[in-house]
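Below is one structure, written out as structure tokens, with a few remarks after it.
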Amino acid sequence: PAENAAIKDGRHPAERTAENIVSFRAEMKRLGYSFDWEREIVTADPGYYRWNQWFFLKMLERGIVYRRQGKANWCTGCNTVIANEQVVDDNRCERCGSPVVEKVIPEWAFRITAFAQDLLDGLDQLGQWPERVTTMQRNWIGKSAGAEVDFAVAGSAERIKVFTTRVDTIYGCTYVVLAPEHPLVEKVTDAAHRAEVKAFVERMRRTDVLERTGEEAPKEGVFTGAFAVNPFDGEKVPVWIANFVLAEYGTGAVMSVPAHDQRDLEFARKYRLPVRVVIQPAAGERLPPGDALPRASTEDGVTESSGPFSGLPSSKARDRMGAFAKEQGFGEATVRWHLRDWGFSRQRYWGTPIPIIYCPDHGPVPVPEKDLPVVLPPQAIITGTGEPPLAKVPEFVNTTCPRCGKPARREVETMDTFVDSSWYHARYLSPKDDQRPFEPAMAKRWLPIDVYVGGPEHAVMHLLYFRFWHRVMHQLGLTFEDEPCTRLVTQGIVNGPDGKKMSKRWGNVVAPGPMVDRLGADTVRLFMLFAAPPEKDIDWSDEQVDGLFRFLARVWRLFHARQDCFAAPAAALPQAAGAFLELRRRTHRTVKRVTEGMEGDMKYNTGIAALMELVNALYALEPATDADRAAVREALSALATLLAPFAPHAAEELWHEVQGEAARDRLLADEPWPSFDPALVAADVVTIAVQVNGKLRGEVQAPVSAGEAEVRALAEAEDRVRAHLAGKTVRKVVFVPKRLVNFVVG
RNA sequence: GGCCCUCUGGCGGAAUGGUAGACGCGCUCGACUCAAAAUCGAGUGGGGCAACCCCCCGUCCCGGUUCGAGUCCGGGGAGGGCCACCA
151 PAENAAIKDG RHPAERTAEN IVSFRAEMKR LGYSFDWERE IVTADPGYYR
201 WNQWFFLKML ERGIVYRRQG KANWCTGCNT VIANEQVVDD NRCERCGSPV
251 VEKVIPEWAF RITAFAQDLL DGLDQLGQWP ERVTTMQRNW IGKSAGAEVD
301 FAVAGSAERI KVFTTRVDTI YGCTYVVLAP EHPLVEKVTD AAHRAEVKAF
351 VERMRRTDVL ERTGEEAPKE GVFTGAFAVN PFDGEKVPVW IANFVLAEYG
401 TGAVMSVPAH DQRDLEFARK YRLPVRVVIQ PAAGERLPPG DALPRASTED
451 GVTESSGPFS GLPSSKARDR MGAFAKEQGF GEATVRWHLR DWGFSRQRYW
501 GTPIPIIYCP DHGPVPVPEK DLPVVLPPQA IITGTGEPPL AKVPEFVNTT
551 CPRCGKPARR EVETMDTFVD SSWYHARYLS PKDDQRPFEP AMAKRWLPID
601 VYVGGPEHAV MHLLYFRFWH RVMHQLGLTF EDEPCTRLVT QGIVNGPDGK
651 KMSKRWGNVV APGPMVDRLG ADTVRLFMLF AAPPEKDIDW SDEQVDGLFR
701 FLARVWRLFH ARQDCFAAPA AALPQAAGAF LELRRRTHRT VKRVTEGMEG
751 DMKYNTGIAA LMELVNALYA LEPATDADRA AVREALSALA TLLAPFAPHA
801 AEELWHEVQG EAARDRLLAD EPWPSFDPAL VAADVVTIAV QVNGKLRGEV
851 QAPVSAGEAE VRALAEAEDR VRAHLAGKTV RKVVFVPKRL VNFVVG
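If you're matching positions, the first sequence starts at 151 in the numbering used here and goes up one per residue.
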């Protein structure tokens, strides 16, 4: 984004980034966020990104970083790689409107797939992550167990290797389909079909992948003239090419079983290919014959017409057939992953330079560790077209080979920003360390992260990279566990006044600044926390905000109206009676509610509601005796402290009011969070409801005096009910402490 | 198409399986004021009733478990998210 903005308004990204940092920092400080600013880090700073480079070198040594041929969106007008988001309708460039094509370019990649099983297994430990996030990760990693089977091409030495998760249906295979890009396409096509196949492949090559494989795209294909031999029964089936088969998944070749796969069925109907049922439901009605099948039956069931494997449950058939294929040497059970390696080089300026030097004699040579950081040169010309910006900075590009000293060129591509965010959590441990990324001793003490709060949009990409990187750091001996964080909280999305997600992209961001000017930081904080629980999406609206301002004003007036209570003797506290004993109970319950809301589920909204209730209760009371005033003082004092996390500025002042001189410093230093007395928190009455034959017939209450076990009062009340019911048969009693006891009387 | 989430007053939202709608917004009425703002007080799910006593109905719909369901289970609907011709 910084680079795109730079292209748009001609300013250097460094300048804008620095400005943004200043304004964000100021805004956060104004809102009173209690960050440890000593540990602030800037990922655009060489002091930080040199460690990106260091990690790159370490991973290169271990084979985790490698060079590969990758695919990218290439704008034919700008002559550069552009992002998916910049490709607009009709496959054109957002900026210049020229057609965008797919181009194969060399790129650097992290071998994250080597960690696939590990990343999958690790999810089981993450009991305190939202389940939907772990599910998304699981799906993204996408392990699918299946089998590879070789189909010989009739009259040729070639073999088509197909991947299937349903080898149990192989006797229902009536044709084989190759992806248009499959290397065997040319070899197997016979002379009679050559022209047609070539035209089809050409057309597919020109069509955008999304369009070709999109939901509405009709299934289409051509026959190659070739036949493949099903190794299980020796049947010859035609070989087709079709748009819906993806070269990058599996083996790029599919055995089609139209009776048991919907795509295959649609294709078979269109091209009049046979449909053969080989799996019958384990229970219920038998399937009609293939020609009459209304839709593909994709459930597991029992095999039939499957040679020696007939009559087996699907799962058993898969096991036996996989084993048989292996034994006979024409296949085996395999595992496929949806997860791809992470291509991380970008043809961009504003990123971490990749520490590689290209030598005419030695090829790509890593920059020696002692020469780090490779500093991003400030004098770049960023146009968003043509070569990567760094290629146009000769002072940067021209260097010498670290191995032979001959003239050589630096890598001009930079790293994905996801690299920066993959390990920043660890950098906070020792943000100024210039000997290593961070101190392992600190990692031992602080990691893993206790609570990580972030947006749900990070559920797959960032959080997967983050988990991957943490494992790498573990391998490097820098950290001591695989998982970077124990508990994850995904906060809700804030929608702007127009209903769209609030973001810079839509220009609908409501800056807190003006609201803070008008109503103060405390009101704004309370407003945001009171709106909804943190994980819930909210539609921004100013309507509630006045209520929170009013609440603070109400608290303020309350403290001034009750100044006479500030000096009340604490010794009088236990004598509180009547309404003021009630007040004490309410105070202690409030402490409990707010405390538990803070510690547990981050239920700040109900915590604030509890404080409002306490304030409302205080307004209704007029203290007359010392005991009364002591109870009020206790409430005010708790109120001031409990308010601190929500409205720190107000809390500071209020605490000073109640506790006198120097209290402010104490609050800021180590004034303990108020504790509550369980006896006062307990119910003051217990209620027993008497229900006779399903009808509520009345209820009995028993008072609980302070300190008395609730259960005892409950038991007394129960006795009274039993006495009342004497002579009747009690059929069933459900005893529920705390709430109600219902009797069913027959 | 797959996976997942959500559904409670006019609105944001409360409710360890136990009096649904806490708290706040909005609205109505009243007090204060020449008047307004601010503030304070009362009311505010729907229906019945002379009655703010009381009665009935109410947490998207249908069914189940339970003495008791907004909450648990099964099925359906609507809205949203992520992935998507993954073989």
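Ideal placement from N, C-alpha and C gives every residue a C-beta, glycine not left out.
Ranking Arg-734, Glu-633, Ser-495 by CA distance to the CA of Asp-271 puts Glu-633 first. For the set Leu-731, Gly-750, Pro-503, Val-427, the Cα lying nearest the Cα of Glu-561 is the one of Pro-503.
For Gly-457, there is no enclosing beta strand (DSSP E), as DSSP gives it neither H nor E. Secondary structure note for Arg-595: its alpha helix (DSSP H) is the uninterrupted segment 590 to 596.
For Pro-518, the closest alpha carbon among the candidates Ala-295, Trp-690, Cys-554 is that of Cys-554. Pairing Val-644 with Trp-690 gives a Cβ-Cβ distance under 8 Å. Following the DSSP letters along the chain, one finds Pro-163 inside the alpha helix (DSSP H) bounded by residues 163 to 180. By the criterion of at least three beta-carbon pairs nearer than 8 Å, the segment 487 to 496 is in contact with the segment 246 to 260.
With a contact defined as Cβ atoms closer than 8 Å, Pro-581 and Arg-200 miss out at about 13 Å. The C-beta of Ile-171 has fewer than 16 other C-beta atoms within 10 Å across all chains shown, which makes the residue exposed. Spanning the alpha carbons of Lys-420 and Pro-431 requires a straight line of approximately 26 Å. Here Val-326 has Phe-301, Ile-310, Val-312, Ala-378, Val-387, Pro-388, Val-389, Trp-390, Ala-403, Val-404, Met-405, Ser-406 as same chain residues with Cβ atoms under 8 Å from its own Cβ, once five neighbours each way along the sequence are excluded. Under the Cβ criterion (8 Å, minimum of three pairs), the segment 458 to 471 does not count as touching the segment 327 to 345. Remark: C-beta atoms of Asn-393 and Met-354 approach each other more closely than 8 Å. Counting along the chain, the unbroken alpha helix (DSSP H) around Ile-758 starts and ends at 754 to 769.
Here Ile-191 is exposed, its C-beta having fewer than 16 other C-beta atoms within 10 Å. When Gly-481, Glu-331, Thr-453, Trp-500 are compared, the shortest CA-CA separation from Ala-194 is found for Trp-500.
Asp-566 is classed as buried because its beta carbon has at least 16 other beta carbons within 10 Å across all chains shown.
DSSP places Thr-319 within a helical segment (H, G or I) once states are collapsed to three. Contiguous beta strand (DSSP E) elements confined to the segment 615 to 690 occur at 635 to 640, taking only those with 3 or more residues.
Looking only at Arg-739, Arg-712, Ala-717, the smallest Cα-Cα distance to Leu-761 is reached by Arg-739. Taking Leu-669 as reference, the option from Asp-692, Asp-687, Ile-688 with the minimal CA-CA separation is Asp-692.
The beta carbon of Leu-786 lies closer than 6 Å to those of Val-808 in the same chain, with the five residues before and after it left out.
Between the alpha carbons of Ala-722 and Ile-599 lies a distance of about 45 Å.
One alpha carbon belongs to Phe-796, the other to Asp-687, and they sit about 20 Å apart.
Contact between the segment 516 to 533 and the segment 583 to 594 is absent: fewer than 3 CB-CB pairs across the two stretches fall below 8 Å.
Phe-568 places its beta carbon less than 8 Å from that of His-612. Three or more beta-carbon pairs drawn from the segment 697 to 716 and the segment 671 to 682 are found closer than 8 Å, and the two stretches are therefore classed as touching. Distance between Gly-182 and Val-547, taken at the CA atoms: about 45 Å. In the same chain as Gly-440, and ignoring 5 residues on each side of it, the C-beta atoms closer than 6 Å to its own belong to Ala-409, Val-425, Arg-426, Val-427, in chain order. Inclusion of Thr-737 and Glu-784 in the CB contact set at 8 Å is warranted, their separation being smaller than that value. Judged by DSSP in its simplified three-state form, Gly-810 adopts coil rather than helix or strand. Ile-429 sits in a strand when the DSSP states are folded into three classes.
When the beta-carbon positions are compared, Thr-263 and Trp-487 come within less than 8 Å of each other. By the beta-carbon neighbour count (other beta carbons within 10 angstroms, threshold 16), Ser-460 is exposed. With contact defined as three or more Cβ pairs closer than 8 Å, the segment 768 to 779 and the segment 714 to 729 are in contact.
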